[in-house]
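*Asks:*
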Amino acid sequence: MLYGQPAWALATAFRPFLWGFMLLGSEHGLSFFWTARLACLLLVSYEFGRFLTNDDRCLSFAYAVLVGFGPVLQWWFAINGIAELFIFGQLLVLLFDKYWLSSSVIGRWAVAAGIAYCAGGYALVLYPAWQVPLFYVFAALGVAVFIQDFGIFSRRLKGGRHSNRRFAAGLLPICVMTILLIVVLLTICWQSREAIRLVANTAYPGARKESGGGLLQSLSDYVSSPLLALDADSAIPNAPERASFFTLFPVGIILALMVLAKHRDSKLMALLLCDLFLLAYGLFGFPSWLSSATLLSMVTTGRLELATSFLDIILLIRSLTLLPFLHRPGTSDVNGHDDSPICRVIPRAIISMILAVFLVALADRLSECPLNRVFTCLALAILAVFLFSVFSAAVDKQFGVRLVASASVMVLISGLCVNPIQHGASAILDNPVPAMVRSELGNRTSTAKLVTDDPYIGQGMVASGIPAITSANTMPALKRWHKLDPDRRYEKLYNRYAFVQIQLQAKGSPSFELAKGHPDYLIVHMTANDLVTIGATHILSKQNPEEYQTDDVRFAPMGQANGFTLYRIVQRQHFNAQ
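Positions 12 to 589 (our numbering) are the ones given, in order, by the sequence shown.
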């Protein structure tokens, strides 16, 4: 049931990118997980772009790049099912559109099965902070599709004799598949009821009770997002939290309003209403009852930005599809005269530069981590090029969309800088440190409980099949921490999804704290005796833990590799056998 966990379970049937770990082994499974998700994301996004742009291939390419290599998606690519959300969500809309337009009975059953599978895959990502706002985006498009296509569906099936019977038969596939999906999801929930109960009762993320507000500072994060890979350490609190899609906000909204002023488009109307709804929650907040009723109480402002920036991209691309057809021939986009190409290009360039300066200045004013001088110039250049491309596409489709597609390559490059080509799982599996630990532990590897300097080293041990207490605890180890905190004074701190770090101290009572600005990073202060209490058996460290030994507990060195030393935790009764 836990996200990112390959297991022979019914839930894994809806997580196809994890199948490689079970069928191909760790290294090939990781390769499949990474490349298949990226390939599917780009292909699905391209098809979704064709849906948005009425089959404009250049704009569809630009859309696929802006989404697939968007900074926020690349920074979070490996975790929280972010790629799956966009793959399944976009596919749902495409298949929903296909269902109402299909004239084949077999085709409708196949499409309905695909809709049910994608809905199950989306539901089982199990990260509500992103799922809920993105659901509103895809649901808005689904409503627009239904309004646009249902009339065609009805006219096709209601003509002639037995029209009502044919109409009911046309609805049967999607109804049957919906019922089957509900049964399967209920079965999965029943099988995983204990895990669901534990997570639902955690202080984080289970007990989130958000009410919105505070989004204003994040609306301009897209300006610096393409440059985060070049200076990730300067981002506050970190690069992933500051990353966003590259959106040109609020240009997409302005262009959408210009389109709607002249042309009624159901997709744009639905998306604008959805955007206004989410922005209202993000900027002003909702009463607690309304937040709970809309499920947005599970969505932090920082996570809401994923959906709002995604909406900005869709609004921009959809508007660029329609604006050139609304532009009256014989008029210029700036001065009303049809002058030479140079006279049309220069005003666009000037306006683009002025607007780019304004957006960079606004981002610098709002952002918690202002850009340095070099990055400010780079951001200014990127924005100016994009804005010029967008303004050109708005009035000259054939020339402009090629510029937009070309400009999107800059986002592709920034995405590749976040996740460059690496060496697969060898960095972990062929690392001498876990090899040393496995060698020293021998047949006791599976029963050992390792403590490392920090949870990231611990995660490397877990990936190598070595249990580690200091790792990402996806479910709280309440029984373990209750041994140190019998009065449950700190339960709100450790009853959560968290990376766990253990900080040894010479004496004193155990205590718990969260790292500043990180609700998912738990630091536990304890003595050597407390290590025995929680069941720890070994320490892997670059430091010297022997200074924290007590009369009852000692640390016996076992082996070394790459500056790390493995120590066995020895209790008093075993001192003579050390």
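Ideal Cβ positions, reconstructed from N, Cα and C, are used throughout, including at glycine.
Is the Cβ-Cβ distance between Tyr-532 and Ile-328 less than 8 Å?
*Replies:* Position 521 of the sequence shown, counted from the start, is the residue given in the question as residue 532. Position 317 of the sequence shown, counted from the start, is the residue given in the question as residue 328. Cβ atoms of Tyr-532 and Ile-328: not closer than 8 Å.
*Asks:* To the nearest angstrom, how far is the alpha carbon of Leu-271 from that of His-493?
*Replies:* In the sequence shown, counting from the first residue as 1, residue 271 sits at position 260. In the sequence shown, counting from the first residue as 1, residue 493 sits at position 482. One C-alpha to the other measures close to 59 Å.
*Asks:* Less than 6 Å between C-beta atoms, sequence neighbours within five positions excluded: which residues of the same chain meet that for Cys-69?
*Replies:* By one-based count along the sequence shown, residue 69 stands at place 58. The answer, listed in chain order, is Val-412, Arg-413, Ala-416.
*Asks:* By how many angstroms is the C-alpha of Ser-522 removed from the C-alpha of Gln-514?
*Replies:* Taking the first residue of the sequence shown as position 1, residue 514 is located at position 503. Taking the first residue of the sequence shown as position 1, residue 522 is located at position 511. In a straight line, the C-alpha of Gln-514 is about 10 Å away from that of Ser-522.
*Asks:* Between the beta-carbon of Pro-184 and the beta-carbon of Ala-123, is there less than 8 Å?
*Replies:* Position 173 of the sequence shown holds residue 184. Position 112 of the sequence shown holds residue 123. Yes, these two residues count as a Cβ contact at 8 Å.
*Asks:* Specify the secondary structure class of Gln-159 as computed by DSSP and reduced to three states.
*Replies:* Within the sequence shown, numbered from 1, the residue matching residue 159 stands at position 148. Looking at Gln-159 - three-state DSSP - the assignment turns out to be helix.
*Asks:* So, for Leu-259: in the same chain, excluding its five sequence neighbours on each side, which residues have a beta-carbon less than 8 Å away from its beta-carbon?
*Replies:* Sequence index remark: in the sequence shown, residue 259 carries index 248 (1-based). For Leu-259, where only same-chain residues beyond five positions count, the Cβ hits under 8 Å are Tyr-233, Asp-323, Leu-327, Leu-370, Leu-394, Phe-397, Leu-398, Val-401.
*Asks:* Buried or exposed for Glu-524, please, with buried defined as at least 16 other CB atoms from any protein chain shown within 10 angstroms of its CB.
*Replies:* Taking the first residue of the sequence shown as 1, we reach residue 524 at position 513. Result: exposed.
*Asks:* DSSP state of Glu-524, grouped into three classes?
*Replies:* Translated into positions along the sequence shown, residue 524 becomes position 513. Here Glu-524 sits in strand by DSSP.
*Asks:* Would you check whether the ligand ATP has a heavy atom nearer than 7 Å to the C-beta of Val-564?
*Replies:* The ligand ATP is not part of this structure, which contains no ligands at all.
*Asks:* Apart from the five residues on each side of it in sequence, which residues of its chain come closer than 6 Å, Cβ to Cβ, to Leu-53?
*Replies:* In the sequence shown, the residue the question calls residue 53 occupies position 42. Excluding sequence neighbours, Leu-53 sits near Ala-75, Gly-79.
*Asks:* Nearest to Pro-261 by alpha carbon, out of Thr-319, Leu-145, Gly-36?
*Replies:* Start at 1 with the first residue of the sequence shown, and residue 261 comes out as number 250. When only C-alpha atoms are compared, the closest one is Thr-319.
*Asks:* Specify the secondary structure class of Leu-21 as computed by DSSP and reduced to three states.
*Replies:* The residue given as residue 21 occupies position 10 in the sequence shown. Correct three-state label for Leu-21: helix.
*Asks:* Gly-131 and Phe-25 - do their beta-carbons sit closer together than 8 Å?
*Replies:* For the purposes of this step, residue 25 is taken as residue 14 along the sequence shown, with counting starting at 1. For the purposes of this step, residue 131 is taken as residue 120 along the sequence shown, with counting starting at 1. Yes, Cβ-Cβ distance for Phe-25 and Gly-131 is below 8 Å.
*Asks:* Quick check for students: name the residue ranges of the beta strand (DSSP E) that lie wholly in the segment 262-321, counting only runs of 3 or more.
*Replies:* Taking only runs of at least 3 residues, no beta strand (DSSP E) segment lies wholly in the segment 262-321.
*Asks:* For the alpha helix (DSSP H) holding His-529, just list the boundary residues, first then last.
*Replies:* As a working note, residue 529 is residue 518 in the sequence shown. Here His-529 belongs to no alpha helix (DSSP H), and DSSP marks it neither H nor E.
*Asks:* For Ser-113 and Arg-177, I'd like the C-alpha separation in whole angstroms.
*Replies:* Residue mapping note: residue 113 aligns to position 102 of the sequence shown, counting from 1. Residue mapping note: residue 177 aligns to position 166 of the sequence shown, counting from 1. Near 14 Å, if we compare the C-alpha coordinates of Arg-177 and Ser-113.
*Asks:* Have a look at Asn-442, Ala-390, His-536 and flag the residue whose alpha-carbon is nearest the alpha-carbon of Val-511.
*Replies:* Taking the sequence shown and counting its residues from 1, the one referred to as residue 511 is at position 500. Here the closest residue by C-alpha is His-536.
*Asks:* Using the Cβ count rule (16 or more neighbours within 10 Å means buried), how would you classify Ile-93?
*Replies:* Looking up residue 93 in the sequence shown gives position 82. Result: buried.
*Asks:* If we require 4 or more residues per run, which alpha helix (DSSP H) segments fall completely within the segment 110-137?
*Replies:* Whole alpha helix (DSSP H) segments, 4+ residues: 116-134.
*Asks:* CA-CA distance, Ile-117 and Leu-105?
*Replies:* Along the sequence shown, read from residue 1 onward, the residue named residue 117 stands at position 106. Along the sequence shown, read from residue 1 onward, the residue named residue 105 stands at position 94. If I take the Cα positions, the gap works out to 17 Å.
*Asks:* Between the segment 220-238 and the segment 284-299, do at least 3 Cβ pairs fall closer than 8 Å?
*Replies:* Because the criterion of three Cβ pairs below 8 Å is met, the segment 220-238 and the segment 284-299 touch.
*Asks:* Using a Cβ distance threshold of 8 Å, determine whether the segment 128-142 contacts the segment 83-92, with at least three qualifying pairs required.
*Replies:* These segments touch.
*Asks:* Measure the C-alpha to C-alpha separation of Ile-207 and Lys-273 and round it to an integer number of angstroms.
*Replies:* Taking the first residue of the sequence shown as 1, we reach residue 207 at position 196. Taking the first residue of the sequence shown as 1, we reach residue 273 at position 262. Those two C-alpha atoms are separated by around 50 Å.
*Asks:* Taking the CB atoms as reference points, tell me whether Leu-103 and Tyr-133 lie closer together than 8 Å.
*Replies:* Here residue 103 refers to the residue found at position 92 when the sequence shown is read from its first residue. Here residue 133 refers to the residue found at position 122 when the sequence shown is read from its first residue. Closer than 8 Å, so yes.
*Asks:* In whole angstroms, give me the CA-to-CA distance for Ile-545 and Ala-18.
*Replies:* The residue given as residue 545 occupies position 534 in the sequence shown. The residue given as residue 18 occupies position 7 in the sequence shown. Distance between the alpha carbons of Ile-545 and Ala-18: 27 Å.
*Asks:* Measure from the alpha carbon of Phe-321 to the alpha carbon of each residue in Glu-451, Trp-120, Phe-149, Ser-299, then state which is nearest.
*Replies:* One-based indexing of the sequence shown puts residue 321 at position 310. For the residues Glu-451, Trp-120, Phe-149, Ser-299, the minimum Cα distance to Phe-321 belongs to Phe-149.
*Asks:* Since Lys-518 contacts Thr-538 with CB under 8 Å, what's their CB separation in whole angstroms?
*Replies:* In the sequence shown, residue 518 corresponds to position 507, counting from 1. In the sequence shown, residue 538 corresponds to position 527, counting from 1. Confirmed, Cβ separation roughly 6 Å.
*Asks:* What does the Cβ neighbour count give for Thr-64, buried or exposed, with the cut at 16 atoms within 10 Å?
*Replies:* Walking along the sequence shown from the start, residue 64 turns up at place 53. Thr-64 should be labelled buried.
*Asks:* I need the straight-line Cα distance from Ile-163 to Gly-81, nearest angstrom please.
*Replies:* By one-based count along the sequence shown, residue 163 stands at place 152. By one-based count along the sequence shown, residue 81 stands at place 70. Whole-angstrom Cα-Cα distance: 36 Å.
*Asks:* For a test of the three-state rule: what should DSSP assign to Pro-443, helix, strand or coil?
*Replies:* Here the question's residue 443 lines up with position 432 in the sequence shown. Helix, per DSSP.
*Asks:* Quick check: the Cα distance between Lys-503 and Met-364, rounded to an integer number of angstroms?
*Replies:* The count along the sequence shown starts at 1 and reaches residue 503 at position 492. The count along the sequence shown starts at 1 and reaches residue 364 at position 353. Lys-503 and Met-364: Cα-Cα distance of roughly 50 Å.
*Asks:* Pick from Lys-109, Met-447, Asp-496, Ile-468: whose alpha carbon is nearest that of Ala-483?
*Replies:* For this step, residue 483 is matched to residue 472 along the sequence shown. Selected option, being the one with the closest Cα: Ile-468.
*Asks:* Less than 8 Å between the CB atoms is what I'm expecting for Tyr-501 and Pro-487, so what's the real figure, rounded?
*Replies:* By 1-based counting over the sequence shown, the position of residue 501 is 490. By 1-based counting over the sequence shown, the position of residue 487 is 476. That pair is no contact at about 12 Å.
*Asks:* If you count every other CB in all the chains shown that lies within 10 Å of the CB of Thr-198, and 16 or more means buried, which is it?
*Replies:* The sequence position of residue 198 within the sequence shown is 187, counting from 1. Classification for Thr-198: exposed.
*Asks:* Bridge partners for Pro-568 per DSSP, in chain order?
*Replies:* Taking the first residue of the sequence shown as 1, we reach residue 568 at position 557. In the DSSP output, where bridge partners are listed per residue, Pro-568 has Tyr-578.
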